[in-house]
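Protein chains in written order, with the working numbering: chain Y, 40 to 369; chain V, 40 to 369; chain L, 40 to 369. Glycine included, every Cβ here is placed at the ideal spot set by N, Cα and C. Please read these numbers as outputs of a predicted model, since none were measured by experiment. Notes follow the structure.
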Amino acid sequence: MSQVAFRIRNELAMINGDFCGKDIVSLDQFARQDIEYLLPVIQHMKNLAVNHEVSHLLAGHLISLLFFEPSSRTFSSFAAAVKRLGGQTIEIQNPETVSSVSKGESFEDTIRVFEAYSSAIVLRHPVPGSARAAARAAKDIPVVNAGDGNNEHPTQTLLDMYTIYEQFGRLDHLTGLLAGDVFNSRTLHSLMRGLSLFNNNIVYLLSPPQLRLDRSDLAQFVKRGLRIIEIDSEKDIPHDCQFWYWTRIQKERFASLDAYAEIVAKNFTVTPSLLDTYASKNTILMDPLPRVGTIDPAVDDDERAVYLRSQIRNGLYTRMALLALILGKA
Amino acid sequence: MSQVAFRIRNELAMINGDFCGKDIVSLDQFARQDIEYLLPVIQHMKNLAVNHEVSHLLAGHLISLLFFEPSSRTFSSFAAAVKRLGGQTIEIQNPETVSSVSKGESFEDTIRVFEAYSSAIVLRHPVPGSARAAARAAKDIPVVNAGDGNNEHPTQTLLDMYTIYEQFGRLDHLTGLLAGDVFNSRTLHSLMRGLSLFNNNIVYLLSPPQLRLDRSDLAQFVKRGLRIIEIDSEKDIPHDCQFWYWTRIQKERFASLDAYAEIVAKNFTVTPSLLDTYASKNTILMDPLPRVGTIDPAVDDDERAVYLRSQIRNGLYTRMALLALILGKA
Amino acid sequence: MSQVAFRIRNELAMINGDFCGKDIVSLDQFARQDIEYLLPVIQHMKNLAVNHEVSHLLAGHLISLLFFEPSSRTFSSFAAAVKRLGGQTIEIQNPETVSSVSKGESFEDTIRVFEAYSSAIVLRHPVPGSARAAARAAKDIPVVNAGDGNNEHPTQTLLDMYTIYEQFGRLDHLTGLLAGDVFNSRTLHSLMRGLSLFNNNIVYLLSPPQLRLDRSDLAQFVKRGLRIIEIDSEKDIPHDCQFWYWTRIQKERFASLDAYAEIVAKNFTVTPSLLDTYASKNTILMDPLPRVGTIDPAVDDDERAVYLRSQIRNGLYTRMALLALILGKA
Numbered sequence: 040m041s042q043v044a045f046r047i048r049n050e051l052a053m054i055n056g057d058f059c060g061k062d063i064v065s066l067d068q069f070a071r072q073d074i075e076y077l078l079p080v081i082q083h084m085k086n087l088a089v090n091h092e093v094s095h096l097l098a099g100h101l102i103s104l105l106f107f108e109p110s111s112r113t114f115s116s117f118a119a120a121v122k123r124l125g126g127q128t129i130e131i132q133n134p135e136t137v138s139s140v141s142k143g144e145s146f147e148d149t150i151r152v153f154e155a156y157s158s159a160i161v162l163r164h165p166v167p168g169s170a171r172a173a174a175r176a177a178k179d180i181p182v183v184n185a186g187d188g189n190n191e192h193p194t195q196t197l198l199d200m201y202t203i204y205e206q207f208g209r210l211d212h213l214t215g216l217l218a219g220d221v222f223n224s225r226t227l228h229s230l231m232r233g234l235s236l237f238n239n240n241i242v243y244l245l246s247p248p249q250l251r252l253d254r255s256d257l258a259q260f261v262k263r264g265l266r267i268i269e270i271d272s273e274k275d276i277p278h279d280c281q282f283w284y285w286t287r288i289q290k291e292r293f294a295s296l297d298a299y300a301e302i303v304a305k306n307f308t309v310t311p312s313l314l315d316t317y318a319s320k321n322t323i324l325m326d327p328l329p330r331v332g333t334i335d336p337a338v339d340d341d342e343r344a345v346y347l348r349s350q351i352r353n354g355l356y357t358r359m360a361l362l363a364l365i366l367g368k369a
Numbered sequence: 040m041s042q043v044a045f046r047i048r049n050e051l052a053m054i055n056g057d058f059c060g061k062d063i064v065s066l067d068q069f070a071r072q073d074i075e076y077l078l079p080v081i082q083h084m085k086n087l088a089v090n091h092e093v094s095h096l097l098a099g100h101l102i103s104l105l106f107f108e109p110s111s112r113t114f115s116s117f118a119a120a121v122k123r124l125g126g127q128t129i130e131i132q133n134p135e136t137v138s139s140v141s142k143g144e145s146f147e148d149t150i151r152v153f154e155a156y157s158s159a160i161v162l163r164h165p166v167p168g169s170a171r172a173a174a175r176a177a178k179d180i181p182v183v184n185a186g187d188g189n190n191e192h193p194t195q196t197l198l199d200m201y202t203i204y205e206q207f208g209r210l211d212h213l214t215g216l217l218a219g220d221v222f223n224s225r226t227l228h229s230l231m232r233g234l235s236l237f238n239n240n241i242v243y244l245l246s247p248p249q250l251r252l253d254r255s256d257l258a259q260f261v262k263r264g265l266r267i268i269e270i271d272s273e274k275d276i277p278h279d280c281q282f283w284y285w286t287r288i289q290k291e292r293f294a295s296l297d298a299y300a301e302i303v304a305k306n307f308t309v310t311p312s313l314l315d316t317y318a319s320k321n322t323i324l325m326d327p328l329p330r331v332g333t334i335d336p337a338v339d340d341d342e343r344a345v346y347l348r349s350q351i352r353n354g355l356y357t358r359m360a361l362l363a364l365i366l367g368k369a
Numbered sequence: 040m041s042q043v044a045f046r047i048r049n050e051l052a053m054i055n056g057d058f059c060g061k062d063i064v065s066l067d068q069f070a071r072q073d074i075e076y077l078l079p080v081i082q083h084m085k086n087l088a089v090n091h092e093v094s095h096l097l098a099g100h101l102i103s104l105l106f107f108e109p110s111s112r113t114f115s116s117f118a119a120a121v122k123r124l125g126g127q128t129i130e131i132q133n134p135e136t137v138s139s140v141s142k143g144e145s146f147e148d149t150i151r152v153f154e155a156y157s158s159a160i161v162l163r164h165p166v167p168g169s170a171r172a173a174a175r176a177a178k179d180i181p182v183v184n185a186g187d188g189n190n191e192h193p194t195q196t197l198l199d200m201y202t203i204y205e206q207f208g209r210l211d212h213l214t215g216l217l218a219g220d221v222f223n224s225r226t227l228h229s230l231m232r233g234l235s236l237f238n239n240n241i242v243y244l245l246s247p248p249q250l251r252l253d254r255s256d257l258a259q260f261v262k263r264g265l266r267i268i269e270i271d272s273e274k275d276i277p278h279d280c281q282f283w284y285w286t287r288i289q290k291e292r293f294a295s296l297d298a299y300a301e302i303v304a305k306n307f308t309v310t311p312s313l314l315d316t317y318a319s320k321n322t323i324l325m326d327p328l329p330r331v332g333t334i335d336p337a338v339d340d341d342e343r344a345v346y347l348r349s350q351i352r353n354g355l356y357t358r359m360a361l362l363a364l365i366l367g368k369a
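Spelled out as structure tokens, the structure:
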């Protein structure tokens with residue numbers, strides 16, 4: 040349906056410097072050079088958006104946003120990305136309105152129906168592997184994973200990497216702190232994979248002892264070349280971190296509320312005094328949001344706090360860049 | 040509110056070759072010449088969409104999509120049609136968000152409120168006759184029926200007729216097979232009415248004995264000039280059918296699950312071997328979707344299977360054509 | 040994010056003839072000269088919309104419509120306003136899809152996330168004071184109150200004032216009838232505040248005795264310069280009213296259904312004969328809708344009935360004007 044020559048893919052294709060027609064399902068499709076190719080395109084999109092430039096890059100294109108579970112932030116970020124580029128959306132935000140599903144239609148058929156109307160599909164789905172299945176069903180158009188359960192959410196990691204890059208001009212030779220639910224956080228795991236594509240990066244992991252990184256995950260990241268140092272106390276945070284990445288303790292992962300309360304009582308929260316004591320004046324403070332007990336609002340006005348400012352906006356610019364690239368428009 | 044001179048209509052107007060300002064509520068508004076007028080406009084819309092041409096035909100026009108029951112496929116098809124033509128939509132997908140209704144507002148008032156903002160209203164409603172009632176309430180703008188209960192869904196039939204026409208270049212002298220729930224299927228009944236507007240068409244009806252066409256319906260279609268042949272077994276399907284139209288057995292119509300199970304056990308499903316044995320190499324295989332047990336996915340890659348490809352897309356082109364015509368833009 | 044120089048506001052800013060960058064949270068921000076500035080801009084927007092002119096005033100701008108409670112009429116009016124001006128919307132219609140809220144995110148964070156993507160936020164929220172809180176959270180872009188509980192709904196009053204102005208060419212020296220639930224109606228209270236900004240206006244209040252204006256409210260309006268006359272029977276309606284403004288008895292406000300039924304039994308309904316007996320031939324009949332028992336549909340075709348015609352459309356034009364003004368585009 041598009042002038043773009045899409046390939047028939049049995050399995051996920053590596054980007055290999057050519058985004059056009061590719062699905063974006065997993066961070067593992069990206070090599071270092073793909074991310075290096077992407078970063079200036081994100082920068083370009085930022086310039087365009089900041090200046091309220093009217094873009095017609097995606098004019099004549101309809102992008103289906105199929106959200107089988109609610110995610111207002113990711114939904115609006117993708118919707119904004121399409122519309123900022125002059126494209127239009129088909130929006131399914133509410134799983135119950137996918138009426139054909141309730142009549143017993145297969146997931147594959149649903150995807151193929153939307154494929155028939157669209158230049159691309161952005162999919163959010165609670166079941167891990169859904170994005171890959173959708174990419175397989177939609178042979179003629181690209182599919183973008185906007186989060187499939189606890190599996191992957193690649194655009195989150197790409198925006199995080201751009202946020203770091205924008206600040207420091209590089210993705211090598213960085214020292215960062217990853218804190219909070221290191222065991223469960225999809226966001227942290229994915230960022231570690233992203234950082235391991237570059238050289239000489241060190242991450243300090245700070246978590247409650249119950250929520251340490253799984254040993255096999257740790258071994259894997261180390262094998263990929265990332266240097267990992269686990270610490271037990273904020274007193275061990277090195278002063279030269281370029282970034283702190285804080286994640287909420289995910290209540291829904293705990294078997295009992297008591298176990299959750301015990302951890303939260305230890306107050307895994309960034310406060311102004313924590314920041315002033317252990318961060319440098321250039322350290323940026325990131326959070327994938329929502330923050331629930333992770334960062335004291337008193338920190339918001341600190342210049343180093345990027346979570347409610349550039350980090351969110353970079354999500355918009357990153358999605359603009361990816362959509363333009365896979366549709367052969369950038 | 041529009042430059043188009045809309046007529047005040049007490050009852051549904053026949054199209055009579057002039058779509059401008061007309062409601063599209065029932066297939067019975069269409070005469071043969073109206074469909075003949077419509078077909079090349081659909082073809083034009085197809086060319087426009089396939090080439091990703093940016094159309095501004097509906098620029099400055101807002102179309103309200105009022106879906107009082109979920110129907111993701113029809114909803115997205117209409118939304119895509121408006122947007123492809125450069126128009127914009129007011130989207131009400133969720134009946135509970137029509138808050139005024141829950142406060143006790145009459146259906147007529149709700150329609151008139153949306154009329155005030157819109158160039159046209161597309162209505163989906165579970166109650167038969169709603170589209171006609173809406174057309175009566177909205178005196179100044181056209182109303183399009185996107186399905187009113189088990190009553191009418193005229194754009195489905197028009198897209199089906201275009202799909203057949205596109206393949207064979209005619210709507211006369213056709214032989215078709217209509218299979219599945221011949222008793223209940225609104226889609227099949229409506230297609231028979233459409234085919235009866237043309238000459239020398241024959242349809243074979245294949246259904247479980249409990250789901251045969253009602254005798255008075257049969258008499259009516261025959262009176263309209265359609266030749267109908269009822270068959271009991273796939274062995275009686277003639278080999279020269281131009282199209283097979285398969286519909287699902289509608290579970291929700293059965294008093295007991297046992298009665299449903301008994302019929303479904305007989306396996307009213309199109310398989311590759313059924314197709315190879317009884318269809319010709321030019322027979323197209325249609326299904327209004329969702330298919331639930333009607334067509335084996337192994338058939339999907341067969342060139343004759345149009346249900347997930349041109350049939351869906353033709354729905355988009357048909358709705359583009361109708362909207363442009365009733366708004367005086369084509 | 041905008042070229043517009045927004046001010047940092049600790050509290051609500053008066054408009055003072057300069058709408059650019061201002062929040063629109065309360066009618067109390069408006070002085071007489073602000074409304075006089077606004078009226079011809081609304082008239083301009085009306086001309087633009089009536090002629091289906093394609094406007095690009097808001098091209099490149101995304102407006103977030105955050106509806107934390109359903110309100111189909113107000114929602115579609117704002118959506119239509121943005122789209123008619125060539126802008127685009129981020130639409131959150133269903134409170135449950137604001138997923139981050141259900142994960143425990145603060146209201147302020149939610150607002151700031153949408154702020155990052157948007158040129159303005161339109162907020163509907165059940166909690167009084169929400170709009171003000173949102174305006175405080177979103178420091179860089181304007182927030183428009185689309186109704187915050189029983190507190191304020193300023194665009195409703197502005198459209199009502201435009202509707203009267205359009206008919207009579209003035210907002211001074213008017214006599215009006217306000218009827219129905221005078222005690223509870225936010226709409227009536229707000230209109231009285233609006234009318235009190237102008238000179239020599241008289242309002243007759245007609246309500247069941249249980250639903251009279253609160254004495255302190257009455258004193259306040261009188262102090263502002265409005266002349267108020269309470270009447271008990273339609274027989275006391277003066278014949279020279281420029282407008283009748285009718286509001287429904289709000290069932291949900293009554294402790295018991297019996298108390299409600301007792302009042303409704305008294306038939307507080309406008310009928311053709313009531314209108315013919317007590318209104319003049321120039322009196323316009325207004326209702327904020329939905330009307331539930333307030334106006335007999337037999338009145339709808341009377342030329343003086345503006346509630347389903349110009350009053351609704353003026354809502355669209357008023358919102359177009361306000362959005363254009365606060366974004367520095369008109």
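Of the choices the options, whose alpha-carbon is the least far from that of residue i?
i: ILE397 (chain V); options: V:ILE268, V:GLN195 and V:ALA294; result: Past the edges of chain V, shown from 40 to 369, lies residue 397 (chain V), and the structure says nothing about it.
i: ILE102 (chain Y); options: Y:GLY208, Y:ILE129, Y:HIS83 and Y:VAL80; result: Y:ILE129
i: LYS274 (chain L); options: L:SER246, L:LEU296, L:PRO193 and L:ARG254; result: L:SER246
i: TYR204 (chain Y); options: Y:ARG358, Y:LEU66 and Y:ILE81; result: Y:ILE81
i: GLY143 (chain Y); options: V:SER145, V:GLU291, V:HIS192 and V:THR316; result: V:GLU291
i: PHE69 (chain V); options: V:LEU197, V:GLN259, V:PRO79 and V:LEU104; result: V:LEU197
i: ALA155 (chain L); options: Y:PHE107, Y:SER116, Y:ARG209 and Y:GLU92; result: Y:SER116
Who are the neighbours of residue i on chain L, taking C-beta pairs under 8 angstroms?
i: ARG171 (chain V); result: Residues of chain L passing the Cβ test: none, with the nearest at roughly 18 angstroms.
Just to make sure I have the definition right: I need the residues of chain L whose C-beta is within less than 7 angstroms of the C-beta of residue i. Which are they?
i: LYS85 (chain Y); result: Within 7 angstroms Cβ-Cβ: nothing; LYS85 (chain Y) doesn't reach chain L, min ~11 angstroms.
Nearest-angstrom Cα distance between residue i and residue j?
i: ASP341 (chain L); j: ARG171 (chain V); result: 24 angstroms
i: ASN184 (chain Y); j: ARG232 (chain Y); result: 17 angstroms
i: ARG48 (chain Y); j: ALA173 (chain V); result: Below a pLDDT of 50, predicted positions are generally treated as unreliable, and ARG48 (chain Y), at 40, falls in that range; no measurement from the model is reported.
i: THR286 (chain V); j: GLN350 (chain Y); result: 50 angstroms
i: ILE288 (chain V); j: ARG251 (chain V); result: 12 angstroms
i: ILE323 (chain L); j: LEU355 (chain L); result: 19 angstroms
i: ARG112 (chain Y); j: VAL161 (chain Y); result: 14 angstroms
i: ASN189 (chain V); j: LEU77 (chain V); result: 25 angstroms
i: HIS278 (chain L); j: ILE268 (chain L); result: 14 angstroms
Sorted by chain position, which residues of the same chain lie with C-beta nearer than 8 angstroms to residue i's C-beta, five sequence neighbours on each side aside?
i: LYS320 (chain Y); result: ARG343
i: LEU313 (chain Y); result: GLU273
i: GLY332 (chain V); result: ARG287, ILE288, VAL303, PHE307 and THR308
Could you name the residues of chain V that residue i contacts, counting a contact when the two beta carbons are closer than 8 angstroms?
i: SER145 (chain L); result: Ordered by position in chain V, no residue passes the 8 angstroms Cβ test against SER145 (chain L), which lies about 25 angstroms from the chain.
Identify, in the order they occur along the chain, each residue of the same chain with its Cβ nearer than 7 angstroms to the Cβ of residue i, setting aside the five sequence neighbours on each side.
i: LEU366 (chain Y); result: VAL43, LEU97, HIS100, SER158 and ALA159
i: LEU265 (chain V); result: MET231, LEU234, SER235, ASN240 and VAL242
Against residue i, what residues of chain Y qualify as contacts under a CB-to-CB distance less than 7 angstroms, listed in chain order?
i: PHE153 (chain L); result: SER115
i: ILE131 (chain L); result: SER111
Can you pull the chain V neighbours of residue i, defined as C-beta to C-beta under 7 angstroms?
i: LYS122 (chain L); result: LEU101 and GLN127
Leaving aside the five residues before and after residue i along the sequence, list all residues of the same chain whose C-beta is less than 6 angstroms from its C-beta, in chain order.
i: ARG263 (chain L); result: SER235
- Query: Are three or more beta carbon pairs between the stretch 280-288 of chain L and the stretch 203-222 of chain L nearer than 8 angstroms?
  - Reply: yes
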